[in-house]
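Remarks on the structure that follows.
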Amino acid sequence: MAASTVTANGRSDVISDAEAPLLNDVVRAPSTSAAGPPSDQNPAAGSVEMAERFAYYGISANLVSYLTGPLGQSTARAAANVNAWSGTAFLSPLLGAFIADSYLGKYRTIVFASLLYILNGTEMEPDLTNESEGISAISHDTYIGPSAEMMITMQFQGLGFLSLSAALQHSDKTHSPPQLQIIFFFSSLYLVALAQGGHKPCLQAFGAEQFDDSDQDECKAKSSFFNWWNFCLCASVLVGLLVLSYIQDNMSWELGFGIPCIVMCLALIVFVLGSFTYRFQLFSGQRNPFFRIGRVFFELARNWRVRNNNAVLSVEVDSRYEKNPEFLKIRKRTLRLINSDTKSLLRFVGKGLLEPNNSKDIEDAKTILRLLPICLTCLVYSTVYSQSTTFFTKQGATMDRHITASFQLPAASLQSFTAASLVLFIPIYERVLVPVARALTRKPTGISLLQRVGTGVFLSVISMTVAGFVENKRLKVALEHGLVDSPGETIPMSVLWLGPQYLVLGIADVFTLVGLQEFVYDQIPGDLKSMGLAISLGVLGTGSFLSGFIVSVIDWVTGSGGGAHQSWFSSNLNRAHLDYFYWLLAGLSACSCVLFVYLARSYVYSQINEAKEDAEIFPRPICKQKS
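Under this note's numbering, the first residue of the sequence shown carries the number 1, and numbering increases by one thereafter.
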């Protein structure tokens, strides 16, 4: 006898007797585990993300020191290279989200990305799809894991190309390393950035899917998920910054780059062992979400010259819906949502209605477009965020870093101030500020998501202003002690002076970075959740590229290329003017803060649940333009 299963859109599919045993093993409802009964949230996904953050920041934190040290690059060039790599690492999740949501699913994408982190360029290409034949059309995230033999084989492939490239030290320290070594290093480095693209959008979305929205207790717990997720990540980042930066500065670079690979190996094993307790989302059977949204934008671009100010949308519906009270209520609500949009946006996206697109596709496209202005105003914030891994570190390297007479704090470990402020402030925000704000505003979240993001943008202005004054004082101390032309000498000024700018930036991250993730995840259509998290990371990536561009332009204008004075980013930081650069960023941040407030006040939150109801009741519309 043939079995049947019901997909998320209510359509019943007939399954053959041969396929039924396979379904019994791997396909479960979204609130159940692969093993069968409902299970508690498995922390294994979080452990992989913690290991990934440990590895990523273990590499990125001290990267500018490696580029200016063993690779012999100038400060400005090293900062630009770090920004370019960081930008690629934060933009690659867009590709990872596309692959996950369209083809592999989140689980398989996480496994492949972990392998890329570990192997870092080896030619192994494990096949995770051989056993999925006949059921991949039903669930993207169905567990089909690698065998134990395959896992053991992968563990002993080595520590990766990155640690190998660091081990290839050339003997002549007076010249730059061979070009081949530099190419090898950057190729390995960008493979790490590509691997992050599979991790970042999938692990967090996969973790959020472990909560059952139909369960009241789990739904309440999910509201705190993003805060505590980032709390755990910052704890792992804190350990990575303190431990790995010390190893890289005092022991060896190859060991400092190799340890993250070992940690990723262990985390991948833990993740795979927990596979039968995860909750997997069933594939809804709908069209590819990227292609259906892309079709709307394609039609929009094709019809952009068409005048449709007086266009009337006519939706042909089945006669059985005409007298349905629920249908009439939803139609009124849909018209209300359309009227709440700005007229220009409606006319702009409405050009996609000139072709027979689904009404849900149009609404999803409008939702994405309405997110873009908010995200663009956060670009300056992400530019500020980029300074903590570049110039902040170089500043600290010139200052007195002794904690005791015999122990000197690694310059890169100063970034632990940011991670520590996140670890300390998130519980305060979650347990103190949110309940107080909830009592005052009567909102479940205390303050709105955009208010949270805007608070962090404002704090970035304070962070850059403080950073400018601290750098100005550092330059005065160097001048007073006659160290302006002695860049190798330690300036008698405690590195703890940099603490406030790190701490304020860390608190800003709690508001803006975490808030932006939650905001985009909340507003993005249901089948594009991975893309939503990738968009929030893409803001950081674009900001990193913007930072590199600004640094390059200012270096050219103020240096030998465009003027007679010393560059703001001179390799001798005692003659540079990072204080001017920080104050410039503070001014740009203030302008972006004003623009953000203006856009946030006019933003209308999307009602995702209502849009889902519309998609279920509305049939496929036929849209025409009437004169």
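Note that the Cβ used here is the ideal one computed from N, Cα and C, for glycine as well.
Per DSSP, the continuous beta strand (DSSP E) segment holding Ile491 begins and ends at 491-494.
For Leu585, the closest C-alpha among the options Ile550, Ala411, Tyr603, Tyr107 is that of Ile550.
The continuous stretches of alpha helix (DSSP H) do not include Ile403, and DSSP gives it neither H nor E. Annotation: Gln415 is outside any alpha helix (DSSP H) and is labelled neither H nor E by DSSP. For Lys443, no alpha helix (DSSP H) segment is defined, and its DSSP state is neither H nor E.
Judged by DSSP secondary structure, Met464 falls within the alpha helix (DSSP H) whose first and last residues are 449-480. With a cutoff of 8 Å on beta-carbon distance, Asp400 and Val495 are scored as near each other. If you draw a straight line from the Cα of Ala89 to the Cα of Tyr56, it comes to about 10 Å.
Note that the C-beta distance between Gly541 and Ala84 is not below 8 Å. If you draw a 10 Å sphere on the C-beta of His481, you find fewer than 16 other C-beta atoms in it, and that means exposed.
Taking 8 Å as the cut-off, the Cβ atoms of Arg452 and Gly543 do not count as close. Remark: C-beta atoms of Glu489 and Leu483 approach each other more closely than 8 Å. It is roughly 22 Å from the alpha-carbon of Ala80 to the alpha-carbon of Asp249.
DSSP lists His402 as the bridge partner or partners of Gln408. Listed in chain order, the non-local C-beta contacts of Leu255 below 7 Å within the same chain comprise Ile247, local neighbours out to five positions each way being set aside. Val263 is classed as buried because its beta carbon has at least 16 other beta carbons within 10 Å across all chains shown. Listed in chain order, the alpha helix (DSSP H) runs fully inside the region 185-269 are 216-222, 225-250, counting runs of at least 4 residues. Between Phe271 and Val48, the beta carbon gap of about 5 Å places them in contact (Cβ cut-off 8 Å).
As the crow flies, the alpha-carbon of Asn62 is around 16 Å from that of Tyr385. Val237 and Ala411 have their C-alpha atoms roughly 15 Å apart. The beta carbons of Leu376 and Val520 sit no closer together than 8 Å. Just so you know, the alpha carbons of Gln181 and Ser187 end up roughly 10 Å apart. Straight-line measurement puts the Cα of Ser60 at about 21 Å from the Cα of Cys202. The continuous alpha helix (DSSP H) containing Asp522 extends over residues 499-523. For Ala586, the uninterrupted alpha helix (DSSP H) segment begins and ends at 578-602. Met251 counts as exposed, since fewer than 16 other C-beta atoms from the protein chains shown sit within 10 angstroms of its C-beta. By a beta-carbon distance limit of 8 Å, Gly454 does not contact Cys591. Their separation comes to about 14 Å. Inter-residue distance for Leu528 and Ile426 is about 27 Å (C-alpha atoms, whole angstroms). For the set Phe231, Val82, Pro70, the Cα lying nearest the Cα of Asp509 is the one of Phe231.
Per DSSP, reduced to three states, the secondary structure at Gly543 is helical.
In terms of CA proximity to Ala76, Ser567 leads the group Phe596, Ser567, Ser589. The C-beta separation of Ala534 from Ala97 comes to about 4 Å, placing the pair in contact by the 8 Å criterion. Selection Phe206, Gly58, Leu91 evaluated against Lys106 yields Phe206 as nearest (Cα-Cα). By the Cβ-count criterion, Gln523 is buried, with 16 or more other Cβ atoms from all chains shown falling within 10 Å of its own Cβ.
The beta carbon of Gly446 lies closer than 6 Å to those of Val434, Ala437, Arg438 in the same chain, with the five residues before and after it left out.
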